[in-house]
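In mature numbering (1 follows the signal peptide of the UniProt record, and there is no 0), the protein residues as written are -17 to -1, 1 to 173. From the three backbone atoms N, C-alpha and C, an ideal C-beta is built for every residue, glycine too. Being a predicted model, the structure only gives us computed values, none of them experimental.
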Amino acid sequence: MKWQALALSFLATTGLASPIFGQPEIYTLRLSSRNKALDGQYLGVNGALVGVFKDSSVVRFIPVPSGSSSSNLVELHTYPVGKEERALALVGKQGLLDFSDVVNPAASNFPKGTTCDWTAFRLGSSTAAKKTVVYAGKAGGWVAFPTGSDGSDWSVKWKDSSAITIENYMAVDVVYEAVDATKVEFGPSS
């Protein structure tokens, strides 16, 4: 009897000491804008571009600590995770960078002079009323450009002071919010 109790206590202790891995925190992105047509719109992907598109599913991401020297920077890995690693990145030239969904950005080759940065995002305080996503790689701000024939689609970009634009655009904030975990299917996608 004594040995059974000892064996049971050993198994119980081992079981309690085992790490319990929870599901990752998953977030979506939406816009905050003075333009009523854009304010509150969720971001989706059309091709590789991130923006407000009629026929796209909502972008979901998991923040992953960046490999950079700054401890508060994150990478925005898209969810669900499939066979190929995907991350949200800023891609472009001359101060106007497309917010993009990039397959395996660490191994991707871009033309000389093209920026592709997926490692320098900062998530604003989760206790703040406005949980913004900020690009810490270069000073600037988020903007949305109308696209498509009817102007109802918008592509989101990061614009710095060196960018020269002649098109209409709206200044926006990119805001993140947690996804209700009870409504998310976990596991790899095919």
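Residue i versus residue j: straight-line alpha-carbon distance, rounded
| i | j | result |
| --- | --- | --- |
| GLY23 | VAL158 | 9 Å |
| GLU8 | VAL42 | 14 Å |
| GLY34 | VAL117 | 16 Å |
| THR61 | ALA161 | 14 Å |
| THR11 | TYR25 | 8 Å |
| PRO129 | ALA90 | 31 Å |
| PHE104 | ALA70 | 11 Å |
| LYS113 | ASN55 | 18 Å |
| ASP133 | PRO88 | 32 Å |
| SER173 | ASN92 | For SER173, the predicted structure reports a pLDDT of 36, less than 50, and the residue's modelled location is therefore unreliable. A value from the coordinates is still provided. SER173 and ASN92: Cα-Cα distance of roughly 25 Å. |
| SER16 | ASP163 | 24 Å |
| VAL64 | SER135 | 29 Å |
Start-to-end residues for the beta strand (DSSP E) that takes in residue i
| i | result |
| --- | --- |
| LEU71 | 69 to 76 |
| ARG17 | Note, ARG17: premise wrong, no beta strand (DSSP E); not H, not E. |
| GLU8 | Taken as a continuous stretch (DSSP letters only), GLU8 belongs to no beta strand (DSSP E), as it is neither H nor E. |
| TYR159 | 156 to 161 |
| VAL86 | 79 to 86 |
| THR98 | 98 to 100 |
| SER138 | 136 to 142 |
| ASP47 | For clarity, residue 47 is Val in the given sequence; the question names Asp instead. 43 to 48 is the span of the beta strand (DSSP E), which, as asked, contains VAL47. |
| ASN29 | 27 to 29 |
| GLU58 | 57 to 61 |
| THR130 | 124 to 130 |
Sub-8 Å separation of residue i and residue j beta-carbons
| i | j | result |
| --- | --- | --- |
| VAL57 | LEU14 | no |
| VAL47 | GLU67 | no |
| PHE36 | LEU59 | no |
| SER83 | ALA31 | yes |
| SER144 | GLY123 | yes |
Residues of its chain near residue i, where Cβ-Cβ distance is below 7 Å and the 5 sequence neighbours each way are ignored
| i | result |
| --- | --- |
| SER39 | GLY27, VAL28, ASN29 |
| ALA146 | GLN77, GLY78, LEU79 |
| VAL126 | LYS140, LYS142, TYR152, MET153, ALA154, VAL155 |
| SER100 | Residue identity differs from the one stated: residue 100 is Asp in this sequence, not Ser. Excluding residues within five positions, the ones whose Cβ falls inside 7 Å are ALA72, LEU73, GLY120. |
| GLN115 | With the sequence shown as reference, residue 115 is identified as Thr, and Gln is not the correct amino acid for it. Only GLY107, ASP156, VAL157, VAL158 meet the Cβ criterion. |
Own chain partners of residue i with C-beta closer than 8 Å, once the 5 adjacent residues on each side are dropped
| i | result |
| --- | --- |
| THR97 | VAL74, GLY75, LYS76 |
| GLY(-3) | Model confidence at GLY(-3) stands at a pLDDT of 49, short of 50, so the residue's coordinates are unreliable and nothing is read from them. |
Neighbourhood of residue i by C-beta, 6 Å cutoff - its chain only, sequence neighbours within 5 removed
| i | result |
| --- | --- |
| GLY170 | Note that GLY170 has pLDDT 44, beneath the 50 cutoff, so the model's placement of it is unreliable and no number is given. |
*Give a yes or no on contact between the region 71 to 82 and the region 126 to 141, applying the rule of three or more CB pairs nearer than 8 Å.*
yes
(message) Measuring CB atoms only, is the region 144 to 154 touching the region 41 to 51, in the sense that at least three cross pairs come out at less than 8 Å?
(response) no
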